[in-house]
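Listed in order, the protein sequences are those of chains S and Z.
Numbers in the working numbering are just positions in the first sequence, counted from 1, shifted up by 27.
Numbers in the working numbering are just positions in the second sequence, counted from 1, shifted up by 1233.
Note that beta-carbon positions come from the ideal geometry of N, C-alpha and C, so glycine has one too.
Step one of this worksheet: look at the structure below.
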Amino acid sequence: MNIEATEHEKAVLLKVTGRMDAENAPQFEHACEQWMRRGAKHLIAELDGLEYVSSMGLRSFLSVAQKLQPLPGSLILCGLKGLPLQVFEMTRLIGLFPVFETPGQALATL
Amino acid sequence: MDSPAHRLALPACLESLGEFRRFIREGAASCGITGAQVDRLDLVMEEILVNVARYAYVPNTGTAEVAYWQSSPGRLRVEVSDQGHPFDPFQADPPDLTRSLADRPIGGLGVFLVRTVVQSVAYRREDGRNVLSFEFPGNG
């Protein structure tokens, strides 16, 4: 898994590519927490390059979203497809996150 | 008629996941399971093996074994076993998928995904071993 961060005025965009599994899911959570410590309230995860996510990854997404919500803030998901989209749908987590096709659409709502 | 089983035993730890993945992928390929279905099989194996790695032998360590064979054309039967504490992962209540973000529990999704993706999943305790078996692909 690779995470590439870009700072925008109202959000931090995290482009996540590769596989998010039990061995590396905590890295995503740590990356998000570092941006939160630096004051970020809205994180946008760009996921069209995410090939795989297991329940360990879902835990990270859920945990970050739960920490952002009271700020108030949000973890926004973009470009979900393939197995990651199926997994978010099967677990009905998809309804708990703002979801957009592209980061541009997400940024326009903030 | 079932074909003979292929077996792989490794230390029950997260570092073994990659090798188990390569092993089960060979099984999938030999069975003609390809593409998106392979990712779903990876997912199920990870969920099961992570549970074994984390809980089966606490506070000690031990071995996890994966066995597979072709149960019918295009279909794998898989068994994951350990010699750890007796534990039936399907006894826990399924997670409540209707809760709001703030109230949504963080855990319990792995076992739920296993149940959702595979077919004929079952747990048995046999000769001091936990054995979790399933058939793949499921219906999804």
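(request) Closer than 8 Å by C-beta to Glu128 (chain S): which residues in its own chain qualify, once you throw out the five before and the five after it? Chain order, please. (result) Taken in chain order, the residues that qualify are Cys105, Gly106.
(request) Output, in sequence order along the chain, the residues in the stretch 92–115 of chain S whose CB is closer than 9 Å to any CB in chain Z. (result) Per Cβ criterion, the list reads Ala92, Gln93, Gln96, Pro97, Gly109, Leu110, Gln113, Val114.
(request) Mark Val1291 (chain Z) as exposed unless 16 or more other C-beta atoms lie within 10 angstroms of its C-beta, in which case mark it buried. (result) Exposed is the call here.
(request) Quick one: which residues of the stretch 1348–1363 of chain Z get their C-beta closer than 9 Å to a C-beta of chain S? List them in chain order. (result) Answer in chain order: Thr1349, Val1350.
(message) Between the alpha carbons of Glu1359 (chain Z) and Leu123 (chain S), how many angstroms are there, rounded?
(response) Each residue's alpha carbon lies about 41 Å from the other.
(message) Relative to the C-alpha of Trp62 (chain S), which candidate in S:Pro125, S:Glu78, S:Val39 has its C-alpha closest?
(response) It is S:Val39.
(request) Just mark Ala133 (chain S) as buried or exposed, buried being the case when its beta carbon has 16 or more other beta carbons within 10 Å. (result) The Cβ neighbour count for Ala133 (chain S), taken over all protein chains shown within 10 Å, is at least 16; the residue is labelled buried.
(message) If I measure Cβ to Cβ from Asp48 (chain S) and keep anything under 6 Å in the same chain, skipping five residues before and after, which residues do I get?
(response) Ser81.
(request) Assign Asp1326 (chain Z) to one of two classes, buried (16 or more other C-beta atoms within 10 Å of its C-beta) or exposed (fewer than that). (result) Classification for Asp1326 (chain Z): exposed.
(request) Could you tell me which chain Z residues have their CB closer than 7 Å to the CB of Leu123 (chain S), listed as they occur along the chain? (result) Scanning chain Z for C-beta atoms nearer than 7 Å to the C-beta of Leu123 (chain S) yields Leu1334, Arg1337, reported in chain order.
(message) Any beta carbon from chain Z within less than 7 Å of Leu75 (chain S)'s own beta carbon?
(response) Inspection of the sequence shows that residue 75 (chain S) is occupied by Asp rather than by Leu. At a cut-off of 7 Å between beta-carbon atoms, Asp75 (chain S) makes no contact with chain Z.
(request) Pull up the DSSP beta-bridge partners for Asp1315 (chain Z), would you. (result) According to DSSP, which records beta bridges pairwise, Asp1315 (chain Z) is partnered with Z:Ala1297, Z:Asn1363.
(request) With a 10 Å radius around its C-beta and 16 neighbouring C-beta atoms as the bar for buried, classify Thr1267 (chain Z) as buried or exposed. (result) Thr1267 (chain Z) comes out exposed.
(message) Under 7 Å, Cβ to Cβ, is there at least one residue of chain Z near Asn65 (chain S)?
(response) In the sequence under discussion, the amino acid at residue 65 (chain S) is Arg, which differs from the Asn named in the question. With respect to chain Z, the C-beta atom of Arg65 (chain S) has no partner C-beta closer than 7 Å.
(request) Spell out the partners DSSP gives Lys68 (chain S) in its beta bridges. (result) Answer is none; Lys68 (chain S) lacks a bridge partner.
(request) Quickly, what does DSSP pair Arg1357 (chain Z) with across the bridge? List them, please. (result) In DSSP, Arg1357 (chain Z) forms a bridge with Z:Val1364.
(request) Establish whether the CB of Val1283 (chain Z) and some CB of chain S are separated by less than 7 Å. (result) By this cut-off, Val1283 (chain Z) is an interface position.
(message) Here's the rule I'm using: 16 or more other beta-carbon atoms within 10 Å means buried, otherwise exposed. How should Pro1349 (chain Z) be labelled?
(response) Contrary to the premise, residue 1349 (chain Z) reads as Thr rather than Pro in this sequence. Buried: at least 16 other Cβ atoms inside 10 Å.
(request) Inspect the CB distances between the stretch 1248–1258 of chain Z and the stretch 1267–1285 of chain Z and report whether three or more fall short of 8 Å. (result) Cβ pair count under 8 Å is three or more, so yes.
(request) Could you spell out where the alpha helix (DSSP H) holding Gly1343 (chain Z) opens and where it closes? (result) Counting along the chain, the alpha helix (DSSP H) containing Gly1343 (chain Z) begins and ends at 1342–1350.
(message) Check this for me: beta carbons of Gly1371 (chain Z) and Gln1352 (chain Z), under 7 Å apart or not?
(response) Yes.
(request) Specify the secondary structure class of Met28 (chain S) as computed by DSSP and reduced to three states. (result) Three-state result, Met28 (chain S): coil.
(request) Could you work out which residue in S:Val126, S:Leu137, S:Phe55, S:Gly66 is closest to Ser90 (chain S) when comparing CA atoms only? (result) Cα-wise, what sits closest to Ser90 (chain S) is S:Phe55.
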